[in-house]
Ligand SMILES: [Zn+2]
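Numbering (this note's numbering), first residue to last: 33 to 150.
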C-alpha cells in the first residue's frame, strides 16, 4: 500500500492514468497569452473636487477595476467599460491556467514519488 494518501485520490491511479490526466489538464488549459492575474471589482469613487456631489456622499461610478496583489500592496487598474468582457475572460483564463498548473504539479509530484516524472 502507498504510504501517502492525497485527498485528490491521485495515489489510487496508475502511472498511465496519471499521465493521461496530466495530458488532459494541459490541453484543457487556455493559452498562456490570454491570461491576466487579479480580480474584477466594481467601485464608486470620490473625485476630490470641492463642492462636487460626491463630497456629500453621492459617489461617482460604479467603475470597474482590476485588483491585483503586487508584493504586499494591492494595485487597482481602471478597466474601461468596453474592455470589461475581455478582461473578465482574461481573469477567468488565468484561474483556469492556475488550476491546470496546480493539477499538473500534483500529478508530477505523485509520479516523482513513484520514481518517475516523464
Ligand atoms: Zn465628485
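Quick reminder that beta carbons are idealized off the backbone N, C-alpha and C, glycines included.
Can you confirm whether residue 148, when its beta carbon is compared against all beta carbons of chain B, has any partner nearer than 8 Å?
Of the protein chains in this structure there is only one, and it is not chain B.
Endpoints, beta strand (DSSP E) assigned at residue 109:
105 to 111
Beta-carbon gap between residue 123 and residue 68 smaller than 8 Å
Against a cut-off of 8 Å, the Cβ pair of residue 68 and residue 123 comes out as a contact.
Might you give, ordered along the chain, the residues of its own chain that have their beta carbon closer than 8 Å to the beta carbon of residue 134, omitting 5 neighbours on each side?
none
Residue 60, enclosing alpha helix (DSSP H) - first and last residue
47 to 60
Please report how far the alpha carbon of residue 40 lies from the alpha carbon of residue 146, in whole angstroms.
16 Å
Just to confirm, is the Cβ distance from residue 74 to residue 94 under 8 Å?
Contact: yes.
Could you tell me if the beta carbon of residue 78 falls within a distance shorter than 7 Å of some heavy atom in ligand 1?
yes
Kindly give me the distance between the Cβ atoms of residue 136 and residue 50, rounded to whole angstroms, as I take these residues to be in contact under 8 Å.
Not a contact, Cβ separation roughly 10 Å.
From this set, 150, 45, 96, which residue's C-alpha is nearest residue 114's C-alpha?
96
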